[in-house]
Each structure stands twice: as structure tokens, then as C-alpha cells.
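Data first, discussion second: the structure below is written as C-alpha cells.
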Amino acid sequence: MTATHISDGATTTAPGDTGGLSAGTERRTGAEALVATLERLGVEHVFGLPGGAVLPLYDALYGAKVRHILVRHEQGAGHAAQGYAAATGRVGVCLATSGPGATNLVTALADANMDSVPLVAITGNVASTAIGSDAFQEADIRSISMPVTKHSFLVTDPDEIAATVASAFHIASTGRPGPVLVDVTKDALVAAADETLLQLPMPGYRTPSAPAPEAVRDAVELMLTHRRPVLYVGGGCLRAGASQQVRDLAELTGIPVVTTLMARGVFPDSHPQHMGMPGMHGSVSGVATLQKSDLIVSLGARFDDRVTGAKHTFAPDATIVHADIDPAEIGKNFPTEVGLVGDARETIDLLLTEWTRRTAAGATPQHEAWVRRCRSWKERYPLGYDSPSDGALAPQLVIERLGALSDPGTIFAAGVGQHQMWASQFITYDEPRRWLNSGGLGTMGYAVPAAMGAKVGMPDSTVWAIDGDGCFQMTNQELATCSVEGIPIKVAIINNAALGMVKQWQALFYSERFSHSQLPSMQVPDFATLATAYGCVGLRCDRAEDVDATIERAMEVDDQPVVVDFRVSQDAMVWPMVAAGTSNDDIQHARDVRPDFGEDE
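Put into C-alpha cells, the structure is as follows:
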């Protein structure tokens, strides 16, 4: 990529640019140039919190076309930008000041990096002359964030602000998406800026678009000749907008499909070829289909430990075809027979074309017995749950009814823990971008701000945050943002008076020594009352017969946020389960119940 300049009234744009200033435009401050760049790039919403080092930028935002949403904590700004990006497919933007403002963004940056979410974080820093002097609220956020971002910039030259911001958007949204940090010193924000440079030169940045033809031919050959193939669909297909391509490939080939936690909805749950979600708390059929396959066609998935279980026991008979836009992922965790480096949509289109060519020429796959076997697992081991023997409200019932009573376009954002797994299991996802969660980093506190960001980006969609009582208390201050800014999200708190997943592990692996995992049973705080204090509607439900009516009452409110405190059983556990570090062969369908996969053919 070459640098892009404006001269003599003519604009030359590099890939990803959308235009620029005309010749003779009056020079603006660096902060004004930054805001003008956001507007030029089509940014409509930013989430942030002002402070000393970034005040020039906030002054430039005064009266700008970009809507700024004032959060109560910078971590909330980061997760809101994530939710916005995940729901819309556009780049999310967050702002923070120097020092603690910037460091409060780090968790969200790391989360976005793990889950490949396109995000641009803009931070202010102390004046360039003060860098390294331990000035007030100084932090080397560029170095701090470098391991958890796709790229980090430090800008001290006002003439480079506009170009750097434009480049950050290009990097964040192309190739494997991810977070990019732009840290700008205060003196650069207040100085006059030359905006003729529209985008930085990035000669080393290359984004693959399509895999090599011979690799596509080899992949299809394996798909045709193996008897037990599976399409292992990951979040890369979601980020690439490849949902239709995945469905086309599955239906053309007849190969069973599993979708990871990050890919829920990319392939419809209701489709007969969908075997479910693999992994630690995946369905038995999803886990078995991967484990007993002889060919894994991985599409935008990364073979993380939560899916594979003990690596040396994972899918021992499987050859691997790995398609990913990030070449670093190919063969990173498992030896790969064929690597397909490229955009998921283009890659799958090529696989479709080659499969059609080969079958038209007489190639005939032999998958029928395998498909029947996979479907038998799905029929024999459906997801389910037992009602609590003490009459308490089953958390699974709450989530199941949330899904059943919600419109198909409803967006669900989950926190992390038991409620996250139940939300992935007991709600049907037939469309992409309707399921938001923190997958790779597993960040408690994600749900409420992510739901807020999703609602801003998709105002016509109902957005539910499904949270635990532990997660909710980490970021519930953003309910104030929702109330003040008119962002009517709905929050379902699955309140079991515990850090549920921690407690489950302690019950199973630590002889029920519940060390610091139980929260006050006297309900401190009272969530419904807290919701009212935040300007929300607060509801409470603790009986199964009241669940539907409570959800319907929440659904009737569309002009302010709603928080429902569902007080559920304290003893419910998430099943199925593959214990950490064990083989997928040891999956338990329920406590002390192990499924029979049958003999390999």
C-alpha cells in the first residue's frame, strides 16, 4: 500500500479510503482532523469517557455528527464497541483518556483480539515532551496493549493523525479482524494539522483473499474420498459474512456440521445437518461428530483447547483441512494436511465450484452411513435438564423460555459462566449476529455493555443481556448509561447466589469445598431495586409458573431498560461436560452418565 495524499485539488485514494479534504481547506487542529476523519469514514457512534489528556478531542466532538455515548467506565466503552461491531459487522469505536482511562480498556482490547472483533480504540496521552517523565496519568499504553491488539500506534505528529486513524480502521476491518489502538499525545491534538496524508504507507500489510487453486483441489479430493467428514465452522465464518456460503457447502456435500461457541447462528441450529456445538459444554452429537470423524474441514476455527480437550486424544483418526484468513493459525495446534489461506466466503465459493466440477465428472462421495450415525447420536442424546427436586426455578427453563418468547431477530448477549453455556444450548440460533459473547478470553462483565452497544447499532432489534449475578455486578453501572442515553436493553439475571461455574468445578473436582464462590443469599444488592435506582424497570421472578408472564411484561417495555432478577436453583449444573484436560471420549451427558459412541466403522 502506498501513502495517499491530496494535492492541487485532486484526491488519490488508496484501498479502503473514502475521500478526503479538498485543496485549500483551512488547517484544523489535530483533534478536529481526527473527528473529521471519523466522519469521513462513516462512523456514527463512539463510546467513551473524557479526561485531561483527551479533552481537546472532546472539544472537537462538541457539535460533531458523530454521536458520543458517555459510559460510566472505560471497560464498558470497550465492550460496548465490541457489541456494536459484533451485531453490525462494522468497526466499533471507543475513546479514553491517558493513564487509567487507557488501561481500563485493556480487558476489552484483549477480548476483541481473542474473538477477532474489529475495534478502534483512541486514547489521549500526555504531551510528547512529558513522555517518560512519569507525568500525571502517564502510561505507555502502546506497549501495554501491543500483545493484545492487532496493531498499536503512538502519534506525536499532528500531520499524521488523520492518516493513522484511517489506517487503523483499515487494519481493524481487513484480513483477520481485530482491535487497533491509536494513542495520540495532547500536544498533537491541539496543534494545527496537515490532512493531505489520507492513509499511512503499510508495505508489509497483506490480506490474503483466496487460497491457492491446487490447495482447493486437494481439499475437495479429501472431502470426496473420506467416509466420515465434518465441517467444523468457527467464528471466522461469522466475521467474513459467510453464513450463506457455509449453508450452500453443507447442503451441496451433505456433510454434517458443527458450529463453535463463536459461530452460533452461522449455520442454522434447526437444520437437520447441524450436529450442535462441540467442546467442553457442547452437545454429545457435536463432540462425537468431531471426535469420530476421519476428516475435519475447519472453516475459520482455531482448534482451541475448549473444543479439542486433551490434544493427544483429539479426533485421532482425522485428517485436517484448515481454512483460515490468518496463516498463523494453519497448523498452529494440529498438523494440517491442506491449508487454505484466504477469506472464508471466497474460500468456500472455490470449494463449491470444485466440488460441483468433480461430482459432475463422476466423483461420488460415500457419506451416507456416517450421516446416519451422526443423526443417531443427536437423537439418542438430546440436550435437556432436570427440574430441581426442591421446587426451585430451573435456570435452563428461564433461558429456554426467553428464546421461545422472543422474535427471531432478537439479539442475545451473554456474560461468562453457567448462564453463558445454557444460553448457547437452550436458545435456537438460526441467523448470524444474534449471539454475542466473550468466547476466547471469557470476560465476566461483558454482557450488559455489549448489549448496550448492540442496541445502539441495531436499534430496531430487541436486545437481551443474559447475565449471572456475579458478572452483572462487574459492569452494571452501564445501566445508567442506557437510562440516560435512551438505550432500552433488557437484562435477564440468572441469579443463583453464586459464581456458578466456579462452584460447579468445586463441586465436581474439589470435594464440594466451595471456597469463596458463593454470593450472599440475602441478595445484596437487591437487583430489582438497584435497577429502579438506575432508572430502569426492575422485575423479579422465582417461580416456574411466573416465567412467561415476567418475560412478556419485560417485552412490553420499549422506552427504558428492563432488569429481571430470575432467582434460580443454586445447585443446577451445565451438562454435557468434558472436564478440562480430559479426552472428548470422556464426555458426560449428565453427572455420572457417559454416552456410548459405538464402535468405529
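36 is the number of the first residue of the sequence shown in the working numbering; add one for each residue after it. In this text, a Cβ means the ideal position worked out from N, Cα and C, and glycines have one as well. Note that the coordinates shown come from a computational prediction; the quantities given were computed from them, not determined experimentally.
- Here the region 234 to 254 does not lie against the region 89 to 100, with fewer than 3 beta-carbon pairs under 8 Å apart.
- Your pair residue 115 and residue 484 checks out as a contact, with CB atoms roughly 4 Å apart and the cut at 8 Å.
- At the C-beta level, residue 185 and residue 206 come within 7 Å of one another.
- Annotation for residue 83: the continuous beta strand (DSSP E) segment containing it runs 80 to 83.
- The region 625 to 632 and the region 331 to 340 do not touch, with fewer than 3 CB-CB distances between them shorter than 8 Å.
- Closest in alpha carbon position to residue 315, among 272, 612, 232, is 612.
- Classified as buried, residue 461 has 16 or more neighbouring CB atoms from the shown chains inside 10 Å of its CB.
- Nearest to residue 190 by alpha-carbon distance, out of 235, 291, 154, 169, is 235.
- Taking 8 Å as the upper bound for CB-CB distance, residue 291 and residue 324 are in contact here, some 5 Å apart.
- Look at the beta carbons and you see the region 328 to 337 touching the region 265 to 285: at least three pairs across the two are nearer than 8 Å.
- Rounded to the nearest whole angstrom, the C-alpha separation of residue 76 and residue 125 is 11 Å.
- Collapsing the DSSP output to three states places residue 544 in a helix.
- In the three-state scheme derived from DSSP, where H, G and I count as helix and E and B as strand, residue 333 is classed as strand.
- With three or more CB-CB distances shorter than 8 Å, the region 525 to 542 counts as touching the region 592 to 603.
- An exposed status is given to residue 171, since fewer than 16 other beta-carbon atoms sit within 10 Å of its beta-carbon.
- The alpha carbon of residue 282 has as its nearest neighbour, out of 302, 238, 269, 103, the alpha carbon of 302.
- Taking C-alpha positions only, residue 379 is separated from residue 212 by approximately 13 Å.
- In the assembly as shown, residue 346 is an exposed residue. Its beta-carbon has fewer than 16 other beta-carbons within 10 Å.
- If you draw a 10 Å sphere on the C-beta of residue 97, you find fewer than 16 other C-beta atoms in it, and that means exposed.
- Between residue 65 and residue 196, the gap from beta carbon to beta carbon is short of 7 Å.
- From the listed residues 408, 468, 487, 279, the smallest Cα separation to residue 387 is found for 279.
- The criterion of a C-beta distance shorter than 7 Å is not satisfied by residue 159 and residue 513.
- If you draw a straight line from the Cα of residue 605 to the Cα of residue 532, it is about 7 Å long.
- Taking a C-beta distance under 7 Å as the contact criterion, residue 572 and residue 559 do not qualify as a contact pair.
- Residue 284 and residue 566 have their C-alpha atoms some 46 Å from each other.
- The way I'd put it, the region 433 to 441 doesn't touch the region 399 to 418; fewer than three beta-carbon pairs between them come closer than 8 Å.
- DSSP assignment within the region 430 to 479 yields the following whole alpha helix (DSSP H) runs of 4 residues or more, N-terminal first: 430 to 440, 453 to 461.
- Across the structure, residue 447 and residue 455 are spaced so that their CA atoms are roughly 10 Å apart.
- Each of 359, 82, 451 was checked against the Cα of residue 376, and the nearest Cα belongs to 359.
- When DSSP states are grouped into helix, strand and coil, residue 360 belongs to the coil group.
- The C-alpha of residue 139 lies about 8 Å from the C-alpha of residue 108.
- Around the beta carbon of residue 551, a 10 Å sphere encloses fewer than 16 other beta carbons of the protein chains shown; the residue is thus reported as exposed.
- Contact annotation: residue 624 and residue 319 have beta-carbon atoms nearer than 7 Å.
- With respect to the C-alpha of residue 548, the residue from 538, 554, 470 having the closest C-alpha is 538.
- Between residue 352 and the set 437, 363, 361, 372, the nearest pair of CA atoms involves 372.
- Note: residue 267 is bridge-paired with 293, 333 in the DSSP secondary-structure output.
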